[in-house]
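Chains as they are written, first to last, in this note's numbering: chain A, 45 to 434; chain B, 970 to 1314.
The C-beta atom is built at its ideal place from N, Cα and C for all residues, glycine as well.
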């Protein structure tokens, strides 16, 4: 076991010191990204303090609101975070086996669509049947859309970076057609949406009349479950071994093809589950499948996974960070205008996201900036070239 | 001599027919498609000649950004640097070209600004992946997200000034009073194919680039400056990608819209792989994708806007990309050192 790079345990230190050491660089990276973002805001003629105050108020809530017990902004942030947790878990799961799954967008779409189809048809059953069935439908849809690139990779070596992106577009076309102007699933009188799922297939909001639903609790449970599967089970060990060194894994008797397919299937399943929960729980979509659902999640969730350094537990804070950025963006735009009355474009958030990845995932730059020494085994290595992985 | 070397011989005569069929498969498929379309249109009693010419010009037009993107990728990867940021470089090329055209009123300025925008992002990719040795996929992802954010941000900030500019002129001709045109970027892209092939396979520079991509250590020992070669190759890559971006804003649309490159950079990467990291191969693969894209337009003009048919034909290029990757990877061979940062000892 000691020969395998994944099994080398770091020397035991004080638990809190270790946590602080792990957090130092990501926190520093996020601060640096926000500072560079502030420079960009300043250069475009806006006040960065206004912008970040607007972002804070829009994502967490002003101190006034919070002291009055108004958690609307925070609830909105967490509601935005919920699907991100699932799609990011999908990416993390793939990364561990050395698979770069950019297909979360297609997988969440297919998951949501399948959940909607099941939910529309079983909505009359008892909730104890309807909810699990709808969720399972979503998982199945996502899993199939994930298994496809997995199988292609395993048997033909087609690189998953390209196939998953292509499958995102294909999923977009399929779903857009199905709920499009003469699609078979289109709801009467609505644009690009399916019918509502049955009332018994829905899951309730945590706070009544709020976007935040129980899906986030399932998300947190899934984070822990994924951590457990990856780190404490034989399957997880095999996945990590394949990720660390596919040829060593094969010589050790691991079926690399099987692991590739199973990893992508589970990865797709996680994203599909996120899509199903959005349809079942989020009032934003009125319990329908909408073509709006899942747009842009592929690259966003990669960003989050890189920030979380591939750690399933760290996905929770990283997803909340991106959820806050996304949810607070419109308030930031609303509250920030320059001298000539132009509002700060929301797309600044994409720039900040890119900077966050740059400074958190590409640690070398951050270490160079702050003259920090390298720690062993901290670099993320993803590039495998384009050929067969075995 | 021929007797002793037949085992490893590369003389054309020694190669079986299947080799030539495979090497020129794209040309054979292309001619077959053209002939089939001609016969089909004759058979249904339409204008076979006009329809065939229209298919050919559309194919050439639609393949343009894929050709440029694939050759962009070829340059970068031949020197050993994976460039998945082509999509972002194209988008920036599209935006800044249109922006400059809008502010100066001169559409030709795009020819300078678009490649420059691509090259600027490429410089970032080069510094990150060559100097900092950041994982090249992470670096490319940063480029893609940054470019999407930056172009959308500046688009809003400049109050959508780049939304409508005049188009680049092209070669216009008429057949049966029906207008056809081949745009400037499309014509340029064909020259790029020939120049790229010449540079990569007939110059000292090209030999050095390929050597660095296969075995940087050996190249270094032989006195080649690995870092310089990689920096310049990645910059060439960005320049070509920016030029490809110009196609979208200044040749096709006459303006910029957010995220207008719609995954072409990734299709171009597939074309690069399909083309076996060679300019002519990339061109052939790009023409195949161009044909798929053109089929959407052509079928619509023949049969009207049928929703299911449109959905189906829109998805074709993406499906073909997957199929091509599936069938081809085993046979194509990437540069040996691609993706690995070079550390000078």
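(1) What do you get for residue 1199 of chain B, buried or exposed, if any count of 16 or more other CB atoms within 10 angstroms of its CB means buried?
(2) Are the segment 197 to 217 of chain A and the segment 319 to 334 of chain A touching, with three or more C-beta to C-beta distances below 8 Å?
(3) Just to check my reading of the structure: residue 133 of chain A and residue 270 of chain A have Cβ atoms closer than 8 Å, yes? What is that Cβ distance to the nearest angstrom?
(4) Go to residue 193 of chain A, then tell me how far its beta strand (DSSP E) extends in each direction, as first and last residue.
(5) Less than 8 Å between the beta carbons of residue 1251 of chain B and residue 1263 of chain B, yes or no?
(6) Assign residue 1143 of chain B to buried or exposed, taking buried as 16 or more other Cβ atoms, counted over all protein chains shown, within 10 Å of its Cβ.
(7) Thinking C-alpha only, which one of A/289, A/396, A/246 and A/414 is nearest residue 172 of chain A?
(8) Spatial neighbours of residue 1016 of chain B within its chain, please: C-beta separation below 8 Å, excluding the five flanking residues on both sides.
(9) Pull out every residue of the segment 1203 to 1235 of chain B whose Cβ sits closer than 7 Å to any Cβ of chain A, in chain order.
(10) If you count every other CB in all the chains shown that lies within 10 Å of the CB of residue 1190 of chain B, and 16 or more means buried, which is it?
(11) Could you check what DSSP says for residue 346 of chain A in three-state terms: helix, strand or coil?
(12) Could you name the residues of the segment 1269 to 1290 of chain B whose beta carbon sits closer than 8 Å to any beta carbon of chain A, in the order they occur along the chain?
(13) Taking CB distances under 8 Å as the criterion, tell me whether residue 431 of chain A reaches chain B.
(14) What are the boundary residues of the alpha helix (DSSP H) that residue 990 of chain B is part of?
(15) For chain A, is any of its Cβ atoms less than 8 Å away from the one on residue 1115 of chain B?
(16) What does residue 398 of chain A touch in chain B if you count any residue whose Cβ is under 7 Å from its own?
(17) Need the endpoints of the beta strand (DSSP E) that residue 1141 of chain B sits in, please.
(18) So, are the CB atoms of residue 1061 of chain B and residue 1211 of chain B less than 8 Å apart?
(19) Nearest chain B C-beta to residue 49 of chain A closer than 8 Å, yes or no?
(20) So which residues of chain A does residue 1101 of chain B contact, with C-beta pairs closer than 8 Å?
(21) How would you list, in chain order, the residues of chain A whose beta-carbon sits under 8 Å from the beta-carbon of residue 1108 of chain B?
(22) Residue range of the alpha helix (DSSP H) that residue 1236 of chain B falls in?
(23) Between the C-alpha atoms of residue 395 of chain A and residue 1286 of chain B, what's the straight-line distance to the nearest angstrom?
(24) Assuming contact is defined by CB atoms lying nearer than 8 Å, are residue 922 of chain B and residue 1099 of chain B in contact in what I supplied?
(25) How long is the line joining the alpha carbons of residue 1044 of chain B and residue 1205 of chain B, rounded to whole angstroms?
(26) Can you tell me whether residue 228 of chain A is helix, strand or coil according to DSSP?
(27) Whole angstroms are fine: how far does the CA of residue 1281 of chain B sit from the CA of residue 357 of chain A?
(28) Using a Cβ-Cβ cut-off of 8 Å, state whether residue 92 of chain A counts as contacting chain B.
(29) Return the first residue and the last residue of the beta strand (DSSP E) that residue 1149 of chain B is part of.
(30) Pull up the distance between the alpha-carbon of residue 1134 of chain B and that of residue 1076 of chain B, whole angstroms please.
(31) Going by DSSP, which residues form a beta bridge with residue 257 of chain A?
(32) From A/165, A/230 and A/366, pick the residue whose C-alpha is nearest to that of residue 398 of chain A; which is it?
(33) Going by C-alpha to C-alpha distance, which of A/140, A/294 and A/286 sits closest to residue 350 of chain A?
(34) Closer than 8 Å, CB to CB, is residue 381 of chain A near chain B or not?
(35) Using 8 Å as the limit for Cβ to Cβ distance, is residue 371 of chain A near chain B?
(36) Just how far apart, CA to CA, sit residue 1034 of chain B and residue 1217 of chain B?
On the basis of the coordinates in this document:
(1) The sequence position of residue 1199 of chain B within the second chain is 230, counting from 1. Result: buried.
(2) no
(3) Numbered from its first residue, the first chain carries residue 133 of chain A at position 89. Numbered from its first residue, the first chain carries residue 270 of chain A at position 226. Yes, residue 133 of chain A and residue 270 of chain A are in contact; Cβ-Cβ is about 5 Å, under 8 Å.
(4) In the first chain, the residue the question calls residue 193 of chain A occupies position 149. Not the beta strand (DSSP E): residue 193 of chain A falls in the alpha helix (DSSP H), residues 171 to 200.
(5) One-based indexing of the second chain puts residue 1251 of chain B at position 282. One-based indexing of the second chain puts residue 1263 of chain B at position 294. No.
(6) Translated into positions along the second chain, residue 1143 of chain B becomes position 174. With fewer than 16 Cβ atoms within 10 Å of its Cβ, residue 1143 of chain B is classed as exposed.
(7) On the first chain, residue 172 of chain A is found 128 positions in, with the first residue counted as 1. Comparing Cα-Cα distances from residue 172 of chain A to each of A/289, A/396, A/246 and A/414, the minimum goes to A/246.
(8) Taking the second chain and counting its residues from 1, one reaches residue 1016 of chain B at position 47. Once the five neighbours on either side are set aside, the close Cβ partners of residue 1016 of chain B are 1010 and 1145.
(9) 1232 and 1235
(10) One-based indexing of the second chain puts residue 1190 of chain B at position 221. Its Cβ having fewer than 16 others within 10 Å, residue 1190 of chain B is exposed.
(11) Translated into positions along the first chain, residue 346 of chain A becomes position 302. Three-state result, residue 346 of chain A: helix.
(12) 1276, 1277, 1280, 1283, 1284, 1287, 1288 and 1290
(13) Sequence index remark: in the first chain, residue 431 of chain A carries index 387 (1-based). Unreliable placement is indicated for residue 431 of chain A, whose pLDDT of 49 sits below 50; the coordinate value is still reported in the next sentence. So yes, residue 431 of chain A belongs to the interface.
(14) Along the second chain, one-based indexing puts residue 990 of chain B at 21. 986 to 992 is the extent of the alpha helix (DSSP H) around residue 990 of chain B.
(15) Your numbering for residue 1115 of chain B matches position 146 in the second chain. Residue 1115 of chain B counts as touching chain A.
(16) Translated into the one-based positions of the first chain, residue 398 of chain A becomes position 354. Here the neighbours are 1111, 1114, 1115 and 1118.
(17) For the purposes of this step, residue 1141 of chain B is identified with residue 172 of the second chain, where counting begins at 1. Looking at the DSSP string, the run of the beta strand (DSSP E) that includes residue 1141 of chain B is 1139 to 1144.
(18) For the purposes of this step, residue 1061 of chain B is taken as residue 92 along the second chain, with counting starting at 1. For the purposes of this step, residue 1211 of chain B is taken as residue 242 along the second chain, with counting starting at 1. Contact: yes.
(19) Here residue 49 of chain A refers to the residue found at position 5 when the first chain is read from its first residue. Note that residue 49 of chain A scores a pLDDT of 49, beneath 50, so its modelled location is shaky and nothing firm can be said.
(20) Stepping through the second chain from its first residue, residue 1101 of chain B is reached at position 132. Under the 8 Å cutoff, chain A gives 406, 408, 409 and 412.
(21) As a working mapping, residue 1108 of chain B is identified with position 139 in the second chain. Per Cβ cutoff of 8 Å: 406.
(22) Here residue 1236 of chain B corresponds to residue number 267 of the second chain, with the count starting at 1. Where residue 1236 of chain B is concerned, the enclosing alpha helix (DSSP H) stretches over 1233 to 1243.
(23) As a working mapping, residue 395 of chain A is identified with position 351 in the first chain. As a working mapping, residue 1286 of chain B is identified with position 317 in the second chain. Cα to Cα, residue 395 of chain A sits roughly 30 Å from residue 1286 of chain B.
(24) The first residue shown for chain B is 970 and the last is 1314, placing residue 922 of chain B beyond what the model contains.
(25) Here residue 1044 of chain B is taken as the residue at index 75 of the second chain, counted from 1. Here residue 1205 of chain B is taken as the residue at index 236 of the second chain, counted from 1. Going by the C-alpha atoms only, they are around 7 Å apart.
(26) Here residue 228 of chain A refers to the residue found at position 184 when the first chain is read from its first residue. Three-state DSSP puts residue 228 of chain A in coil, outside helix and strand.
(27) Residue numbering aside, residue 357 of chain A sits at position 313 when the first chain is read from its first letter. Residue numbering aside, residue 1281 of chain B sits at position 312 when the second chain is read from its first letter. Whole-angstrom Cα-Cα distance: 41 Å.
(28) On the first chain, position 48 is the one that residue 92 of chain A refers to. False, the Cβ-Cβ gap to chain B never drops below 8 Å.
(29) Here residue 1149 of chain B refers to the residue found at position 180 when the second chain is read from its first residue. It spans 1147 to 1152 - the beta strand (DSSP E) in which residue 1149 of chain B sits, taken as one unbroken run.
(30) On the second chain, position 165 is the one that residue 1134 of chain B refers to. On the second chain, position 107 is the one that residue 1076 of chain B refers to. Answer to the nearest angstrom: the Cα atoms are 8 Å apart.
(31) On the first chain, position 213 is the one that residue 257 of chain A refers to. In DSSP, residue 257 of chain A forms a bridge with A/249.
(32) Mapped onto the first chain, residue 398 of chain A falls at position 354. The option with the nearest alpha carbon to residue 398 of chain A is A/366.
(33) As a position in the first chain, residue 350 of chain A is number 306, starting the count at 1. Nearest of A/140, A/294 and A/286 to residue 350 of chain A, Cα basis: A/140.
(34) As a first step, residue 381 of chain A is located in the first chain; it is residue number 337 there, counting from the start. Not an interface residue.
(35) In the first chain, residue 371 of chain A corresponds to position 327, counting from 1. It does not: the Cβ of residue 371 of chain A has no partner Cβ on chain B nearer than 8 Å.
(36) Walking along the second chain from the start, residue 1034 of chain B turns up at place 65. Walking along the second chain from the start, residue 1217 of chain B turns up at place 248. Cα to Cα, residue 1034 of chain B sits roughly 8 Å from residue 1217 of chain B.
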